[in-house]
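Take a look at the structure below.
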Ligand SMILES: [Zn+2]
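Numbering (the working numbering), first residue to last: 29 to 264.
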């Protein structure tokens, strides 16, 4: 292009794409999470999403292999055969909007820890609240409101008493889940990362991955929990 009447090469590079789970899949050309292979980082089937000790290397998606699969899909002229291949590979038949750019679609679209975390905690909060009686729910809402207002920190001692009263009826294992969440959040949102903090993060994510699906059936094979195995991997 011309810049100040002189020809100039303009070079732009694509670095990392951060998106929530469905958009991340769209950007990488992978089917959404309700598909059998709906993870944009690996090809694990949906009933194995929360399986422990997965051999990630053998299930990961690799850019050059995805390219070959997309090509094979595009060669199919019969719609049913094309759909069959899309299901087999967990890929969309239409190209991603970013496919014209030079990029490594999987490595440059890591799982976004913020979106995954927010949804995961929202899910845990909903499940925890279901365990409350009406009175406990009212207590919880009161505490929540107080917690949100910094000026009210002067009444912290009352809050702690209140908190203990209402937590008594909550199973300890649920409290453990929240402790793991709190530890993970601290590790995830560290301002600085060292080798030690990466190890701590990885351990927290593994513990969370392990306990959530044991305590809540709703967390079994949930994509937001599955990506715990990548969050530390992506940040390394
Ligand atoms: Zn995966």
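Cβ coordinates follow ideal geometry from the N, Cα and C atoms, glycine included.
(message) Classify residue 109: buried if its beta carbon has 16 or more other beta carbons within 10 angstroms, exposed otherwise.
(response) Here residue 109 refers to the residue found at position 81 when the chain shown is read from its first residue. Result: exposed.
(message) My assumption, with CB atoms under 8 Å, is that residue 70 sits in contact with residue 87. Please give the rounded CB distance.
(response) The residue labelled residue 70 in the question sits at position 42 within the chain shown. The residue labelled residue 87 in the question sits at position 59 within the chain shown. Their Cβ separation, rounded to whole angstroms, is 4 Å, which keeps residue 70 and residue 87 in contact under 8 Å.
(request) Please go through the segment 147-171 and give each complete alpha helix (DSSP H) segment of 4 or more residues, from N-terminal end onward. (result) none
(message) Suppose the cutoff is 8 Å on Cβ atoms and the five residues either side in sequence are ignored; what does the same chain contact list for residue 134 look like?
(response) Numbered from 1 along the chain shown, position 106 holds the residue referred to as residue 134. Correct list, in chain order: 56, 68, 69, 88, 89, 90, 91 and 94.
(request) Please go through the same chain and pick out, in chain order, the residues whose beta-carbon is closer than 7 Å to the beta-carbon of residue 48, but skip the five residues on each side of it. (result) Taking the first residue of the chain shown as 1, we reach residue 48 at position 20. Result list for residue 48: 140 and 143, in chain order.
(request) Measure the alpha-carbon distance for residue 257 versus residue 164 and round it to whole angstroms. (result) Translated into the one-based positions of the chain shown, residue 257 becomes position 229. Translated into the one-based positions of the chain shown, residue 164 becomes position 136. Spanning the two alpha carbons is a distance of roughly 34 Å.
(message) Using 8 Å as the cut-off, can you tell me whether the segment 144-154 makes contact with the segment 209-218, which would need three or more C-beta pairs spanning the two stretches below that distance?
(response) yes
(message) DSSP three-state label for residue 30, please.
(response) As a working mapping, residue 30 is identified with position 2 in the chain shown. Residue state, collapsed to three classes: strand.
(request) Return the first residue and the last residue of the alpha helix (DSSP H) that residue 201 is part of. (result) Indexing the chain shown from 1 puts residue 201 at position 173. Note, residue 201: alpha helix (DSSP H), 200-216.
(message) Let me check understanding here. Comparing Cα to Cα, which of 229, 81 and 159 lies closest to residue 244?
(response) Position 216 of the chain shown, counted from the start, is the residue given in the question as residue 244. Closest by alpha carbon: 159.
(request) Could you spell out where the alpha helix (DSSP H) holding residue 102 opens and where it closes? (result) As a working mapping, residue 102 is identified with position 74 in the chain shown. It spans 91-103 - the alpha helix (DSSP H) in which residue 102 sits, taken as one unbroken run.
(message) Assuming residue 251 is part of the alpha helix (DSSP H), what are its boundary residues?
(response) As a working mapping, residue 251 is identified with position 223 in the chain shown. Unbroken alpha helix (DSSP H) run through residue 251: 251-254.
(request) Please classify residue 67: does DSSP put it in a helix, a strand, or coil? (result) In the chain shown, residue 67 corresponds to position 39, counting from 1. Correct three-state label for residue 67: coil.
(request) Could you tell me which uninterrupted alpha helix (DSSP H) segments, each at least 4 residues in length, are contained entirely in the segment 222-247, listed from first to last along the chain? (result) 223-243
(request) Please determine, among 98, 127, 124 and 123, the residue with the shortest C-alpha to C-alpha distance to residue 113. (result) The residue given as residue 113 occupies position 85 in the chain shown. Measuring from the Cα of residue 113, the nearest candidate turns out to be 98.
(message) Quick check: what's the CA-CA separation for residue 241 versus residue 118?
(response) Taking the first residue of the chain shown as 1, we reach residue 241 at position 213. Taking the first residue of the chain shown as 1, we reach residue 118 at position 90. About 24 Å.
(message) What does the Cβ neighbour count give for residue 150, buried or exposed, with the cut at 16 atoms within 10 Å?
(response) For the purposes of this step, residue 150 is identified with residue 122 of the chain shown, where counting begins at 1. Exposed, because fewer than 16 other Cβ atoms sit within 10 Å of the Cβ of residue 150.
(message) Given 7 Å as the limit, tell me if residue 137 has its C-beta closer than that to any heavy atom belonging to ligand 1.
(response) If you number the chain shown from 1, residue 137 lands on position 109. Outside the cutoff, so no.
(message) I'd like the span of the alpha helix (DSSP H) that includes residue 84, first residue to last.
(response) Position 56 of the chain shown holds residue 84. That run of the alpha helix (DSSP H) goes 84-87.
(message) Helix, strand or coil for residue 111? Go by DSSP, reduced to three states.
(response) Taking the first residue of the chain shown as 1, we reach residue 111 at position 83. Reduced to three states, the DSSP call for residue 111 is helix.
(request) Measure the CB-CB distance between residue 249 and residue 78 and report whether it falls below 8 Å. (result) For the purposes of this step, residue 249 is taken as residue 221 along the chain shown, with counting starting at 1. For the purposes of this step, residue 78 is taken as residue 50 along the chain shown, with counting starting at 1. Yes, they are a contact pair.
(request) Could you pull out every residue in the same chain whose Cβ sits closer than 7 Å to the Cβ of residue 156, ignoring the five residues on either side in sequence? (result) In the chain shown, residue 156 corresponds to position 128, counting from 1. These residues qualify, in order along the chain: 202.
(message) On a Cα-Cα basis, can you pick out the residue from 154, 121 and 136 that is closest to residue 100?
(response) For the purposes of this step, residue 100 is identified with residue 72 of the chain shown, where counting begins at 1. When only C-alpha atoms are compared, the closest one is 121.
(request) Taking only the alpha-carbon atoms, compute the straight-line gap between residue 41 and residue 214 and give it to the nearest angstrom. (result) Taking the chain shown and counting its residues from 1, the one referred to as residue 41 is at position 13. Taking the chain shown and counting its residues from 1, the one referred to as residue 214 is at position 186. Taking the straight line from one Cα to the other gives about 32 Å.
(message) Let me confirm a value: residue 124 is counted as buried when at least 16 other C-beta atoms fall within 10 Å, else exposed. Which label applies?
(response) Your numbering for residue 124 matches position 96 in the chain shown. Result: buried.
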